[in-house]
Amino acid sequence: FRDVPIGHDAFSNRKIVVGVDGDLEQEFDRMINSVTVMMNKKHLSGKVTSQNLLINKNSRKEEPAFFYGYQEDTTGWMEYRHRSVWQFKGGATYESDWKTEDASMINLFVPYKRSTIRLEGDMNRLVQAGIRALSVQIKYPFFSAIKQDRITVNTSQPVTDKYFEITQPNEQPDVNYSITWIKNDGSTIVTNGTDKIGIIFVDELP
2 FRDVPIGHDA FSNRKIVVGV DGDLEQEFDR MINSVTVMMN KKHLSGKVTS QNLLINKNSR
62 KEEPAFFYGY QEDTTGWMEY RHRSVWQFKG GATYESDWKT EDASMINLFV PYKRSTIRLE
122 GDMNRLVQAG IRALSVQIKY PFFSAIKQDR ITVNTSQPVT DKYFEITQPN EQPDVNYSIT
182 WIKNDGSTIV TNGTDKIGII FVDELP
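Encoded structure:
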């Protein structure tokens, strides 16, 4: 007879698949350069299994997975920790916190959302107030970067077709903005505010 330790790595190897959400796949063509997923497993033997997976446009069609073997793990065999580091086009980065899991799959979801902020207002009201044009600037954090955009409109033009398309972190619902009104004599009026509903009213002079 021959004794074989079935607890050996060759006989006891845990596989953890990294699942890529369908929306995330599309973002590799739009905003994301790569996602690095890190897995850390501390065994009862005192040894630590640490692995990294790089997921990008070229590798995402494969089945990325982590593996770790048995190391005296009579308890806590299923538990491991993982985190992810996101690299965005333009240089911004986002690092998630370490999270303890016991599932056989790590699901990746985009950590941001897209929304629209529309400009609304009665342009005739501004013309009567002696306003020739207005400029709206928005500014908001996108993880480690700051995004900003501007729309300038002449009061002789409609404003209902003017809007911002923004991308912001899931936990960042507010967007700061400033409105600059330009009078016929060249002087300006400036006000600042925070958008929470997706509409900025431009005909309310301070």
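Counting from 1, position 55 in the sequence shown corresponds to residue 56 in our numbering; the numbering is continuous, with no gaps. Note that beta-carbon positions come from the ideal geometry of N, C-alpha and C, so glycine has one too.
In this structure, does DSSP put E70 in helix, strand or coil? Reading off the sequence, residue 70 comes out as Gly, not Glu. G70: strand per DSSP, three-state reduction.
Going by other Cβ atoms of all chains shown within 10 Å of its Cβ, with 16 needed for buried, is V5 buried or exposed? Because the pLDDT of V5 is 49, which lies under 50, any placement of that residue in the model is unreliable, and the number read from its coordinates should be weighed accordingly. V5 comes out exposed.
Could you tell me whether the region 168 to 179 touches the region 128 to 138, using the rule of 3 or more Cβ pairs below 8 Å? Counting Cβ pairs under 8 Å, three or more are found: they touch.
Excluding the 5 residues flanking K197 on each side, which residues of the same chain have their C-beta closer than 8 Å to its C-beta? P174 and D175, listed in sequence order.
Among the candidates D150, F202, G77 and T94, whose CA atom is the shortest distance from the CA of M124? Between M124 and the set D150, F202, G77 and T94, the nearest pair of CA atoms involves F202.
Identify the continuous beta strand (DSSP E) that holds M79 and give its terminal residues. Per DSSP, M79 belongs to no beta strand (DSSP E) and is neither H nor E.
Distance, D162 Cα to L25 Cα: Those two C-alpha atoms are separated by around 30 Å.
Out of K90, K114 and Q149, point me to the one whose CA is closest to Q169's CA. The shortest C-alpha separation from Q169 is found at K114.
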